[in-house]
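Worksheet: one structure, shown below.
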Amino acid sequence: MLVLITGGAGYIGSTVASACEDAGHQVVILDDFSTGRREFIGDRTLYEGDIADAALLDRIFSEQSIDAVVHCAAKIVVPESVSDPLGYYENNVAKTLVVLEAMQRNGVKRFLFSSSASIYAPDENFQVTEASPLQPGSPYARTKYMVEMVLEDFTRASDVKVASLRYFNPIGTDPKLRSGQQLEHPTHVLAKLLEAWSQKRTFTVTGVDWPTRDGSGIRDFIHVWDLARAHVAALEGFDKATADSAYEVFNIGTGNGVTVKELAAAFETISGDPLDLQFGEPRPGDVAGVYTVSTKARDVLGWEAQLTEEDAVRDAIAWLPVRKELLGY
Numbered sequence: 001m002l003v004l005i006t007g008g009a010g011y012i013g014s015t016v017a018s019a020c021e022d023a024g025h026q027v028v029i030l031d032d033f034s035t036g037r038r039e040f041i042g043d044r045t046l047y048e049g050d051i052a053d054a055a056l057l058d059r060i061f062s063e064q065s066i067d068a069v070v071h072c073a074a075k076i077v078v079p080e081s082v083s084d085p086l087g088y089y090e091n092n093v094a095k096t097l098v099v100l101e102a103m104q105r106n107g108v109k110r111f112l113f114s115s116s117a118s119i120y121a122p123d124e125n126f127q128v129t130e131a132s133p134l135q136p137g138s139p140y141a142r143t144k145y146m147v148e149m150v151l152e153d154f155t156r157a158s159d160v161k162v163a164s165l166r167y168f169n170p171i172g173t174d175p176k177l178r179s180g181q182q183l184e185h186p187t188h189v190l191a192k193l194l195e196a197w198s199q200k201r202t203f204t205v206t207g208v209d210w211p212t213r214d215g216s217g218i219r220d221f222i223h224v225w226d227l228a229r230a231h232v233a234a235l236e237g238f239d240k241a242t243a244d245s246a247y248e249v250f251n252i253g254t255g256n257g258v259t260v261k262e263l264a265a266a267f268e269t270i271s272g273d274p275l276d277l278q279f280g281e282p283r284p285g286d287v288a289g290v291y292t293v294s295t296k297a298r299d300v301l302g303w304e305a306q307l308t309e310e311d312a313v314r315d316a317i318a319w320l321p322v323r324k325e326l327l328g329y
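Take UniProt numbering: the final residue in the sequence shown is number 329, and no numbers are missing along the way.
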């Protein structure tokens, strides 16, 4: 299978690319390098540019026999989406429409969307399935929700089929250390833990008054390699999964709720060092969190998570010296 990965030079996209290649598939990368890194491309076929460049998309589809598009390109920082909602709606929603139009124009019929579990409304147990109510709590989350609505409507009016992966909180790095968290000042919780640990600084748990077992936010922390494997499973099972419905949704998580305080404790166990913790207010747009109890991905795609948050911490620590050598920080 030949797969076009938008945002394929980023943290998630590059890991998905490696997983696809490990499974015997070929990848083509489209990235504007606003956050992605050239060091993650290797010898992959690269098209540099904006996903909203219709002429570039037409050129890619004319030059490459693309079997499926994996759409990973998006802005993802929740507080930033609160301060710049228009930028997020333009980048995450409007530009996706250009990709879909180009696919329809060029006869590409498989679209795998990297969505987000942030669109769910948690119940009192913080557990969600694909059938749970949706209540996106930030402009970022609403962009994912809006794109999903677009995709469902689009499948009813075209011959394009869509699988949407609602994934939870990716952490860790490619176990083979081919790529990883690339931002110098990341916002993801494990990356912030790493930053605090490596620089001997205080780590702030943002929000400790949530109605969870220890007051900190609860998350379904999924190893990024498991997430990448889920994308491969969805691609390989795409036609079967969408045989009866042109639009399918899958929750991609571990099925275990882990609080931020518990992740910090796991970090201390793996690193062997105590952390200097402090507690602060939630960030703009933060929510208590959810985790999945879905078995749909296992039953339909044959996928389930294999790695733990401890594995993710171990791999993320191993990535730090590689990142320093590769990226300079």
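By construction, the Cβ of each residue, glycine as well, lies at the ideal position given by its N, Cα and C atoms.
Beta-carbon contacts of residue 133 that lie in its chain and below 7 Å, excluding the five residues immediately before and after:
121
Who are residue 170's beta bridge partners in DSSP?
222
Segments assigned beta strand (DSSP E), at least 3 residues, entirely inside the region 121-178
161-167 and 169-171
Nearest neighbour of residue 79, chosen from 141, 11, 147 and 7 [CA to CA]
141
Bridge partner(s) assigned by DSSP for residue 251
166
Selected residue, minimal CA-CA separation from residue 173, among 15, 2, 235 and 126:
15
Just list the alpha helix (DSSP H) runs in the region 37-65, keeping only unbroken ones of 4 residues or longer that don't cross its boundaries, in chain order.
54-63
At a cut of 8 Å, does the region 270-282 reach the region 223-240 through at least three beta carbon pairs?
no
Could you please give me the residues that DSSP links to residue 113 through a beta bridge?
71 and 164
Could you give the residue range of the alpha helix (DSSP H) that holds residue 214?
Taken as a continuous stretch (DSSP letters only), residue 214 belongs to no alpha helix (DSSP H), as it is neither H nor E.
Please identify the residue among 179, 131, 4 and 199 whose C-alpha is closest to the C-alpha of residue 185.
199
Can you tell me which of 149, 192, 12 and 150 puts its alpha carbon nearest to the alpha carbon of residue 264?
192
Going by C-alpha distance, which of 279, 238 and 315 is nearest residue 337?
As displayed, the chain neither begins before 1 nor continues past 329, which places residue 337 out of reach and without an answer.
For the alpha helix (DSSP H) that contains residue 270, what are its first and last residues?
260-271
Here's the rule I'm using: 16 or more other beta-carbon atoms within 10 Å means buried, otherwise exposed. How should residue 176 be labelled?
exposed
Whole angstroms is fine: what's the gap from residue 365's alpha carbon to residue 97's?
With the chain covering 1 to 329 only, the question about residue 365 has no answer from this structure.
Beta-carbon within less than 8 Å of residue 158's beta-carbon, same chain only, minus the 5 sequence neighbours each way: which residues are those?
104
Leaving out five residues on either side along the sequence, give the residues of the same chain with a beta carbon under 6 Å from the beta carbon of residue 246.
155 and 161
Element boundaries [alpha helix (DSSP H), containing residue 100]:
95-106
Since residue 194 and residue 12 are thought to touch, with beta carbons under 8 Å apart, how far apart are those beta carbons, to the nearest angstrom?
Actually they are not in contact, since the Cβ atoms of residue 194 and residue 12 sit about 17 Å apart, beyond 8 Å.
Would you tell me roughly how many angstroms separate the C-alpha atoms of residue 249 and residue 324, rounded to the nearest one?
37 Å
Throw me the rounded Cβ distance for the residue 51 and residue 73 pair, which I believe falls under 8 Å.
5 Å
Please confirm whether residue 99 and residue 6 have their CB atoms less than 8 Å apart.
yes
Straight-line CA distance for residue 45 to residue 127?
40 Å
Quick one: Cα of residue 63 to Cα of residue 220, how far?
40 Å
Which residue's Cα is closest to the Cα of residue 333: 38, 183, 261 and 222?
Residue 333 is absent from the structure shown; the chain starts at 1 and stops at 329.
Since residue 182 and residue 188 should fall inside the 8 Å C-beta cutoff, what is the C-beta to C-beta distance between them, to a whole number of angstroms?
Residue 182 to residue 188, Cβ: 11 Å. No contact.
Rounded C-alpha distance that separates residue 119 from residue 223:
20 Å
If residue 81 and residue 139 are in contact, beta carbons under 8 Å, what's the gap, nearest whole angstrom?
4 Å
What's the gap between the Cα of residue 278 and the Cα of residue 196?
11 Å
Reduced DSSP category for residue 33 - H, G, I as helix; E, B as strand; rest coil:
coil
Could you check what DSSP says for residue 76 in three-state terms: helix, strand or coil?
coil
Which residue's Cα is closest to the Cα of residue 308: 326, 257, 214 and 24?
257
Using a Cβ-Cβ cutoff of less than 6 Å, which residues in the same chain neighbour residue 218 once the five nearest sequence positions on both sides are dropped?
126, 212, 257, 259 and 289
Taking Cβ positions, are residue 60 and residue 47 nearer each other than 8 Å?
yes
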